[in-house]
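Using our numbering, read the sequence shown as starting at 29 and increasing by one per residue.
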Amino acid sequence: MSNLPDEAFRDTIGTIDEGGNRKFIFPKKPSGKFYEYRKWVSYVLLAILVANPFIKVNGNQFMMFNILERRFNIFGFPFWPQDFYLFVISMLVGIVFILLFTVVFGRIFCGWICPQTIFLELVFRRIEYWIDGDRGAQTRLAKQEWNGEKIRKRLTKWFIFFVISFLIANVFLAYLVGSDQLFLMIEEGPIKQSSNFIALLIFTAVFYFVFVWFREQVCIIACPYGRLQGVLLDNKSINVAYDFVRGEKELGRAKYNKQEDRAVTGKGDCIDCKQCVHVCPMGIDIRNGTQLECTNCTACIDECDTIMENVGLPKGLIRYASEDEIEKKEPFKFTARMKGYTAVLIILLGIFVGMLFLRNDVQAIVLRLPGQLFQHKGDKISNIYTYKIVNKTMNDFTDIHFGLIDQKGTIKNVGNQKFKVPKQGISQGTLFIEIDKALLEGDKTKVQIGVYNGDKLIETTSTNFLGPRSFN
Numbered sequence: 029m030s031n032l033p034d035e036a037f038r039d040t041i042g043t044i045d046e047g048g049n050r051k052f053i054f055p056k057k058p059s060g061k062f063y064e065y066r067k068w069v070s071y072v073l074l075a076i077l078v079a080n081p082f083i084k085v086n087g088n089q090f091m092m093f094n095i096l097e098r099r100f101n102i103f104g105f106p107f108w109p110q111d112f113y114l115f116v117i118s119m120l121v122g123i124v125f126i127l128l129f130t131v132v133f134g135r136i137f138c139g140w141i142c143p144q145t146i147f148l149e150l151v152f153r154r155i156e157y158w159i160d161g162d163r164g165a166q167t168r169l170a171k172q173e174w175n176g177e178k179i180r181k182r183l184t185k186w187f188i189f190f191v192i193s194f195l196i197a198n199v200f201l202a203y204l205v206g207s208d209q210l211f212l213m214i215e216e217g218p219i220k221q222s223s224n225f226i227a228l229l230i231f232t233a234v235f236y237f238v239f240v241w242f243r244e245q246v247c248i249i250a251c252p253y254g255r256l257q258g259v260l261l262d263n264k265s266i267n268v269a270y271d272f273v274r275g276e277k278e279l280g281r282a283k284y285n286k287q288e289d290r291a292v293t294g295k296g297d298c299i300d301c302k303q304c305v306h307v308c309p310m311g312i313d314i315r316n317g318t319q320l321e322c323t324n325c326t327a328c329i330d331e332c333d334t335i336m337e338n339v340g341l342p343k344g345l346i347r348y349a350s351e352d353e354i355e356k357k358e359p360f361k362f363t364a365r366m367k368g369y370t371a372v373l374i375i376l377l378g379i380f381v382g383m384l385f386l387r388n389d390v391q392a393i394v395l396r397l398p399g400q401l402f403q404h405k406g407d408k409i410s411n412i413y414t415y416k417i418v419n420k421t422m423n424d425f426t427d428i429h430f431g432l433i434d435q436k437g438t439i440k441n442v443g444n445q446k447f448k449v450p451k452q453g454i455s456q457g458t459l460f461i462e463i464d465k466a467l468l469e470g471d472k473t474k475v476q477i478g479v480y481n482g483d484k485l486i487e488t489t490s491t492n493f494l495g496p497r498s499f500n
């Protein structure tokens, strides 16, 4: 028996009708073992998601992705524009981990971990079930004329959805601009913080649109991860799968008849109750095989197990399994492709950890001023430079000055010889380096410059010092 979908299924998706119009899905309220697990996982992840931008480690926000200022905090580690290579590697580690997880366990990330699924299924839909009722009640309410009951339920639901969208937008803004800026906006008001307030309203509108109208189409149309399934999944990947061998058998699906023994008649264990379709939040029929829309949310597993238990048939007609396990009864194997992704992940993790330990808390850059040649000052040669010092720590440096490490000479800062670099701040300016021409090695000499805070050397950098070609 083949598990391939028929032509009609391949030509349509669950959220579009035959005329190409949006078809809203009213899934049955899920229940069962996996749904209870998902609820607890979602509650923990929601708590982490909300708390992340408001937790600080050594004064640094635990998670922040300030794209405009190119400042990122990951697990309390600050990444500046100068550390962008570290941020890129950390993102690559995350991507490879998700790819490996998908190759092994399918799209389980979407159903259990993705914020879109958690908010939609475990927050907004639960409120919808509370206000509008279960699948049948929601379907009737959608077809019902706009009377007092429908208006009251719609306005109540939309208002609660707007409030939740506004709260989500605040958390999202805290990730982007920082929780300190968010609290400052609350303290000073929207007029003084107009740019942040406008961004907050835009995010609120986007989240409201997504969770009120766009919903599951985010996973089908907007999210690129679902498209990767066709590339990443194979017959060895573990997915939420329908056991078509057991469900179809020789005579295929058939309605349940308690007077007959299906093992004797040759009918499949699937009684064609369509409860797996009714409970699916994506509106698909899992019996047609792995599909783009499936997020591995396990709602169909719980529903099918309940039906199987009620009719006295073994559970597991829909379960976590690979194609080869169902069709060939082969146990799970860690394939060469999985080992390859694992090797890449370990290598990237090693590179990231190594670079993280080699990363300096203070970064100094000293560059010769473009277009300027050296100057003669008696027996000394002078070069002019610009400098930039980045303080990545949460401590103020109040006594910063420069000194030559491997050369005898002087460094004169334009302005005060000693200056301050604030915590997580930048200081930049101009300086002159003067070296006796007799000490120069040629027309270009490499010099080491030390950056000191008081008597403590906190960073070293190097630059080229230009001089005359001949000293005769």
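We put the CB at the ideal spot given by N, CA and C, even for glycine.
(request) Starting from G176, trace the alpha helix (DSSP H) both ways and give me its first and last residue. (result) Sequence index remark: in the sequence shown, residue 176 carries index 148 (1-based). From DSSP, the alpha helix (DSSP H) with G176 extends over G176 to V205.
(request) Would you please state the rounded distance, in angstroms, between the beta carbons of L468 and I409? I believe it to be under 8 Å. (result) In the sequence shown, residue 468 corresponds to position 440, counting from 1. In the sequence shown, residue 409 corresponds to position 381, counting from 1. 7 Å between Cβ atoms; contact.
(message) Looking only at its chain, what residues have a beta carbon closer than 7 Å to the beta carbon of T43, apart from the 5 residues adjacent to it on each side?
(response) By 1-based counting over the sequence shown, the position of residue 43 is 15. Counting only Cβ-Cβ distances below 7 Å, and skipping sequence neighbours, we find R50, K51, I53, E244, Q245, I248 and G311.
(request) Specify the secondary structure class of E76 as computed by DSSP and reduced to three states. (result) On the sequence shown, position 48 is the one that residue 76 refers to. The question names Glu, but residue 76 in the sequence shown is Ile. Three-state DSSP puts I76 in a helix.
(request) Could you say which of N267, F125 and C298 lies nearest to E278 if we only look at CA atoms? (result) Taking the sequence shown and counting its residues from 1, one reaches residue 278 at position 250. E278 has its Cα closest to that of C298, out of N267, F125 and C298.
(message) Rounded to the nearest angstrom, what separates Q503 and G161 at their Cα positions?
(response) Here the chain comprises residues numbered 29 to 500, so residue 503 is not present and cannot be evaluated.
(request) Taking 8 Å as the threshold, find out whether the region 359 to 366 comes into contact with the region 445 to 465 through three or more Cβ pairs. (result) With the cut-off at 8 Å, the region 359 to 366 and the region 445 to 465 do not touch.
(request) Spell out the partners DSSP gives M92 in its beta bridges. (result) Within the sequence shown, numbered from 1, the residue matching residue 92 stands at position 64. Under DSSP, M92 shares a beta bridge with N101.
(message) So the candidates are G453, L432 and F402; which of them puts its Cα closest to the Cα of T426?
(response) The residue labelled residue 426 in the question sits at position 398 within the sequence shown. Scanning G453, L432 and F402 for the CA closest to the CA of T426 turns up G453.
(request) Kindly list the residues whose CB is nearer than 6 Å to the CB of F107, restricted to its own chain and excluding five residues on each side of it in sequence; keep chain order. (result) Taking the first residue of the sequence shown as position 1, residue 107 is located at position 79. Excluding sequence neighbours, F107 sits near F100, L114 and F115.
(message) Checking the sheet assignment: what are the DSSP bridge partners for I219?
(response) For this step, residue 219 is matched to residue 191 along the sequence shown. DSSP links I219 through a beta bridge to no other residue.
(request) Give every residue of the same chain whose Cβ lies closer than 7 Å to the Cβ of S118, excluding the five residues on either side of it in the sequence, and list them in chain order. (result) Position 90 of the sequence shown, counting from 1, holds the residue named residue 118. Here the set comprises I102 and F380.
(request) Would you check if the distance between the CB atom of D333 and the CB atom of G134 is smaller than 9 Å? (result) By 1-based counting over the sequence shown, the position of residue 333 is 305. By 1-based counting over the sequence shown, the position of residue 134 is 106. No; because the gap between Cβ atoms is not below 9 Å, this pair is not in contact.
(message) So, under 8 Å CB-CB, H17 and K448 are touching, yes? Tell me the CB distance rounded to an integer number of Å.
(response) As shown, the chain starts at 29 and ends at 500. That puts residue 17 outside it, with no answer to give.
(message) Suppose contacts are defined by Cβ-Cβ distances below 9 Å. Is T318 in contact with L261 by that definition?
(response) Residue 318 sits at position 290 when you count from the first residue of the sequence shown. Residue 261 sits at position 233 when you count from the first residue of the sequence shown. Remark: C-beta atoms of T318 and L261 approach each other more closely than 9 Å.
(request) Give the straight-line distance between the Cα atoms of V259 and V124, rounded to the nearest whole angstrom. (result) In the sequence shown, the residue the question calls residue 259 occupies position 231. In the sequence shown, the residue the question calls residue 124 occupies position 96. The C-alpha of V124 is placed about 14 Å away from the C-alpha of V259.
(request) State the Cα-Cα distance for the pair G294 and L345, rounded to the nearest angstrom. (result) Taking the sequence shown and counting its residues from 1, the one referred to as residue 294 is at position 266. Taking the sequence shown and counting its residues from 1, the one referred to as residue 345 is at position 317. Within the model, the alpha-carbon separation for G294 versus L345 is close to 16 Å.
(request) Please go through the same chain and pick out, in chain order, the residues whose beta-carbon is closer than 7 Å to the beta-carbon of D45, but skip the five residues on each side of it. (result) One-based indexing of the sequence shown puts residue 45 at position 17. Non-local C-beta neighbours of D45 in its own chain, meaning closer than 7 Å and more than five positions away in sequence, comprise K51, ordered along the chain.
(request) Hey, could you find the ends of the alpha helix (DSSP H) D262 is sitting in? (result) For the purposes of this step, residue 262 is taken as the residue at position 234 of the sequence shown. Counting along the chain, no alpha helix (DSSP H) covers D262, and no H or E run does either.
(request) Could you say which of D464, R182, T491 and E331 lies nearest to W241 if we only look at CA atoms? (result) To locate residue 241, count along the sequence shown from 1; it is residue 213. The shortest C-alpha separation from W241 is found at R182.
(message) If you follow the alpha helix (DSSP H) that N411 is in, where does it begin and where does it stop?
(response) Mapped onto the sequence shown, residue 411 falls at position 383. From DSSP, N411 is part of no alpha helix (DSSP H) but of the beta strand (DSSP E) over K408 to N419.
(message) Ignoring anything shorter than 4 residues, give me the alpha helix (DSSP H) runs that lie fully in the region 269 to 322, in order along the chain.
(response) Taking only runs of at least 4 residues, the alpha helix (DSSP H) segments lying wholly in the region 269 to 322 are 272 to 276, 290 to 293 and 303 to 306.
(message) Using CA atoms only, rank isn't needed, just tell me which of A466, C301, T414 and K465 is closest to I477.
(response) The residue labelled residue 477 in the question sits at position 449 within the sequence shown. The shortest Cα separation from I477 among A466, C301, T414 and K465 belongs to T414.
(message) Taking its Cβ as the centre, do 16 or more other Cβ atoms sit within 10 Å of E351, making it buried, or is it exposed?
(response) If you number the sequence shown from 1, residue 351 lands on position 323. By the neighbour-count rule (16 or more Cβ atoms within 10 Å), E351 is buried.
(request) Below 8 Å on the Cβ atoms is my guess for V305 versus D313; work out the distance and round it to an integer in Å. (result) Along the sequence shown, one-based indexing puts residue 305 at 277. Along the sequence shown, one-based indexing puts residue 313 at 285. About 5 Å separates the beta carbons of V305 and D313, which is inside the 8 Å limit, making them a contact pair.
(request) State buried or exposed for S222, treating a residue as buried only when at least 16 other CB atoms are found within 10 Å of its CB. (result) Position 194 of the sequence shown, counted from the start, is the residue given in the question as residue 222. Exposed: under 16 other Cβ atoms inside 10 Å.
(request) Going by DSSP, name the residue or residues bridged to R50. (result) Looking up residue 50 in the sequence shown gives position 22. Bridge partners of R50: I44.
(message) Here's a check: name, in chain order, each residue in its chain whose Cβ is nearer than 6 Å to the Cβ of N441, leaving out the five neighbours to either side.
(response) Residue numbering aside, residue 441 sits at position 413 when the sequence shown is read from its first letter. Cβ neighbours of N441 beyond the five flanking positions: L459.
(message) According to DSSP, simplified to helix, strand and coil, what is Q452?
(response) Residue mapping note: residue 452 aligns to position 424 of the sequence shown, counting from 1. DSSP places Q452 outside both helix and strand once states are collapsed to three, so it counts as coil.
(request) With DSSP collapsed to three states, give me the class of F493. (result) As a first step, residue 493 must be located in the sequence shown, where it is residue number 465. F493 falls in the strand class under three-state DSSP.
(message) Applying the 10 Å Cβ sphere with the 16-neighbour rule, what's the burial state of W511?
(response) Absent from the structure is residue 511, since the part of the chain shown begins at 29 and ends at 500.
(request) Using a Cβ cut-off of 9 Å (strictly closer), state whether I196 contacts chain B. (result) No chain B appears in the structure shown, which is made up of a single protein chain.
(message) Contact between the region 78 to 95 and the region 194 to 208 is defined here as three or more beta-carbon pairs at a separation below 8 Å; is this criterion met?
(response) As far as the Cβ criterion goes, the region 78 to 95 touches the region 194 to 208, which means the pair count is three or higher.
(request) Determine the direct distance from the alpha carbon of L228 to that of E215, and round the result to whole angstroms. (result) Taking the first residue of the sequence shown as position 1, residue 215 is located at position 187. Taking the first residue of the sequence shown as position 1, residue 228 is located at position 200. Between the alpha carbons of E215 and L228 lies a gap of roughly 15 Å.
(message) Does the structure place the region 383 to 392 close enough to the region 145 to 158 that three or more beta carbon pairs sit under 8 Å?
(response) The region 145 to 158 is not in contact with the region 383 to 392.
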